[in-house]
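Enquirer:
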Amino acid sequence: DTVTVIRDLGIPPIITLQPDGFAGNYARTGSLELTVTGAPPFSYQWRKDGVPLAGATNATLDFSYLLLSDAGSYDAVITNIYGGVTSLTASVTVDRTEPIILWTNPAPISYGTPLGATQLNAEAETGGYYEYIPEAGVILNAGTYPLTAQFVPNDTGNWVTIYVGATLVVERASQTIDFPNPGPQLVDSIITLSVTADSGLPVVIEVLSGPAEYDEPNLICTSPGEVIVSASQAGNSNWLQAATVQHAFLVQTYIDSNTNGLPDDYETNTFGSLEVSTGISDNDGDRATDFEEYIAGTDPTDEAEYLFIAQKSPGDPVRLFMLEWPSTEGRLYSVYRATNPSGPYLPVEEDLEADPPFNLFWDNAPTPPTDVFYQIRVRIAP
């Protein structure tokens, strides 16, 4: 008989790449790996400090979330049916970690905006608190500023304190001028202007045209006409130039807000309000309009008071005509005469000053004698 002996020349595992230790950080990743040749299949068993690790049976040992307790000495035992081999020891160290903090540069803000959560909004991957420089509530001048945050983790055993920064642009702020229109004014009025800018900066007042002068803080109206006044503020390093405010108003000898020809103060004092007279109305029924009585200086609420002429003549042979009419201070009177009631009336004497309560005027009778007709014309003295 013949006996055949077959000798198996299989190769046990041979490590061609030893695991390389590493220094890692808490919460980060890491790995150990090795390369083996020989006759597969191979069995792997990783050990830490000589103690087999459950489930660590691959050529690579992955750490998906490093803990400080993962630090130690690691090796691997590799076997096949022909034998086994143990790798060199690889040292793994795990240190505390700098947390990842997200903090993008904030959007620009305007001067006057206090720092707040919109700007100081760093976010860390772990819990903790922030100390910002500058701190919340600070108002920065216009410019570009570095912002700094110190992050102190709650878990100081695994995380380290870290400083991070961002950049903030503070832009100049807009400002508005508060300048109400003074409205219609009387000649010789002195208006104390209250003009402000919400920036608190001084406002420049200028009379652009018209009969007025500005002597801070007073605007002095010197004569009738339209006045145009402007208010401006040029800004500074923190404030933009304000939009110029310009107002036009009338300087009048009197104020007539309802345009009926009667001064407002006269209407209020005479009728009690601005709603009673239309100017052409005759409130007392004496056939003289309210406006005519205002000009004449008579009372538009008294039907017995109106402008009239009373003729008083000493008679022949003197032939002097004496005229008498009620007069009021502040009025000028002119005497006109005609030989026909329809005119034409020609001036005899003009701009006679008032001599209250009655003015008297003597006029020579015409030659040859004829009928004579008179008018008294009145105007308000300037």
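My numbering puts the first residue of the sequence shown at 1315, with every later residue one more than the last.
Built from N, CA and C at the ideal position, the CB exists for glycine as well.
Quick check: the stretch 1373 to 1393 against the stretch 1437 to 1450, are at least 3 beta-carbon pairs closer than 8 Å?
Expert: No contact exists between the stretch 1437 to 1450 and the stretch 1373 to 1393.
Enquirer: Specify whether the stretch 1529 to 1548 and the stretch 1577 to 1591 touch according to this definition: at least 3 beta carbon pairs, one from each stretch, less than 8 Å apart.
Expert: With a cut-off of 8 Å, the stretch 1577 to 1591 and the stretch 1529 to 1548 do not count as touching, because too few Cβ pairs lie within range.
Enquirer: Taking the alpha-carbon of residue 1681 as reference, which of 1635, 1672, 1694, 1493 has the nearest alpha-carbon?
Expert: Locating residue 1681 in the sequence shown gives position 367, where the first residue counts as 1. Per the Cα distances, 1635.
Enquirer: Expressed to the nearest angstrom, what Euclidean distance is found between the alpha-carbon atoms of residue 1552 and residue 1517?
Expert: Counting from 1 along the sequence shown, the entry for residue 1552 is found at position 238. Counting from 1 along the sequence shown, the entry for residue 1517 is found at position 203. When rounded, the distance between both Cα atoms is 16 Å.
Enquirer: Less than 6 Å separating the Cβ of residue 1487 from some heavy atom of the ligand FAD?
Expert: Because no ligand of any kind appears in the structure shown, any question about the ligand FAD cannot be addressed here.
Enquirer: Between residue 1509 and residue 1567, how many whole angstroms is the CB-CB distance? I'm expecting something under 8 Å.
Expert: To locate residue 1509, count along the sequence shown from 1; it is residue 195. To locate residue 1567, count along the sequence shown from 1; it is residue 253. Not confirmed; about 26 Å, so no contact.
Enquirer: If the criterion is Cβ atoms closer than 7 Å, does the pair residue 1390 and residue 1358 meet it?
Expert: Mapped onto the sequence shown, residue 1390 falls at position 76. Mapped onto the sequence shown, residue 1358 falls at position 44. Taking 7 Å as the Cβ cut-off, residue 1390 and residue 1358 qualify as a contacting pair.
Enquirer: When you compare the stretch 1467 to 1475 with the stretch 1404 to 1420, are there three or more beta-carbon pairs, one atom per stretch, that lie closer than 8 Å?
Expert: Touching, yes, given that three or more Cβ pairs across the two stretches are closer than 8 Å.
Enquirer: Where does residue 1367 land, buried or exposed, given buried means 16+ other C-beta within 10 angstroms?
Expert: Position 53 of the sequence shown, counted from the first residue, corresponds to residue 1367. The residue is exposed, with fewer than 16 neighbouring Cβ atoms inside 10 Å.
Enquirer: Let me know the secondary structure DSSP gives residue 1604 once reduced to three states.
Expert: Locating residue 1604 in the sequence shown gives position 290, counting from the first residue. Correct three-state label for residue 1604: helix.
Enquirer: In whole angstroms, what separates the C-alpha of residue 1534 from that of residue 1658?
Expert: Locating residue 1534 in the sequence shown gives position 220, counting from the first residue. Locating residue 1658 in the sequence shown gives position 344, counting from the first residue. Their Cα atoms are separated by approximately 45 Å.
Enquirer: Let's see if you can read the secondary structure: which residues bound the beta strand (DSSP E) around residue 1330?
Expert: Translated into the one-based positions of the sequence shown, residue 1330 becomes position 16. That run of the beta strand (DSSP E) goes 1328 to 1331.
Enquirer: Are any of the Cβ atoms in chain B nearer than 7 Å to that of residue 1372?
Expert: The structure shown contains no chain B, having only a single protein chain.
Enquirer: Count the CB pairs spanning the stretch 1344 to 1353 and the stretch 1418 to 1428 that are closer than 8 Å, and state whether there are at least three.
Expert: Flag = no, the stretch 1344 to 1353 and the stretch 1418 to 1428 do not touch.
Enquirer: Near residue 1321, what residues of its chain come up, given a Cβ to Cβ distance below 8 Å and the 5 sequence neighbours on each side ignored?
Expert: As a position in the sequence shown, residue 1321 is number 7, starting the count at 1. Note that residue 1321 scores a pLDDT of 46, beneath 50, so its modelled location is shaky; the value from the coordinates is reported in the next line. Hits under 8 Å: none found.
Enquirer: Counting only the same chain and skipping the five closest in sequence on each side, list residues whose C-beta sits under 7 Å from that of residue 1592.
Expert: Your numbering for residue 1592 matches position 278 in the sequence shown. Around residue 1592: 1574.
Enquirer: Is residue 1319 buried or exposed, if buried means 16 or more other CB atoms sit within 10 Å of its CB?
Expert: Position 5 of the sequence shown, counted from the first residue, corresponds to residue 1319. Caution is warranted here: a pLDDT of 44 is assigned to residue 1319, below 50, making its placement in the model unreliable, and no coordinate value can be reported.
Enquirer: Using only CA atoms, which one of 1456, 1457, 1521, 1415 lies nearest to residue 1438?
Expert: Working through the sequence shown from its first residue, we reach residue 1438 at position 124. Checked all of 1456, 1457, 1521, 1415; the closest Cα to residue 1438 is 1415.
Enquirer: Name the DSSP bridge partner or partners of residue 1599?
Expert: Position 285 of the sequence shown, counted from the first residue, corresponds to residue 1599. DSSP, once it has assigned bridges, lists no residue as partnering residue 1599.
Enquirer: Alpha carbons only, please: which of 1388, 1653, 1447, 1511 is nearest the one belonging to residue 1559?
Expert: Within the sequence shown, numbered from 1, the residue matching residue 1559 stands at position 245. Comparing Cα-Cα distances from residue 1559 to each of 1388, 1653, 1447, 1511, the minimum goes to 1511.
Enquirer: With a threshold of 16 other CB atoms inside 10 Å of the CB of residue 1526, please say whether the residue is buried or exposed.
Expert: Residue 1526 sits at position 212 when you count from the first residue of the sequence shown. Under this definition residue 1526 is a buried residue.
Enquirer: Just checking my contact of residue 1456 with residue 1484 at CB under 8 Å: how many whole Å lie between their CB atoms?
Expert: The sequence position of residue 1456 within the sequence shown is 142, counting from 1. The sequence position of residue 1484 within the sequence shown is 170, counting from 1. Sure, about 5 Å apart at Cβ, within 8 Å.
Enquirer: Name the DSSP beta bridge partners of residue 1712, please?
Expert: Since the first residue of the chain shown is 1315 and the last is 1696, residue 1712 is not available in this structure.
Enquirer: Run through DSSP, which three-state label would residue 1550 get?
Expert: The count along the sequence shown starts at 1 and reaches residue 1550 at position 236. Note: residue 1550 maps to coil in three-state DSSP.
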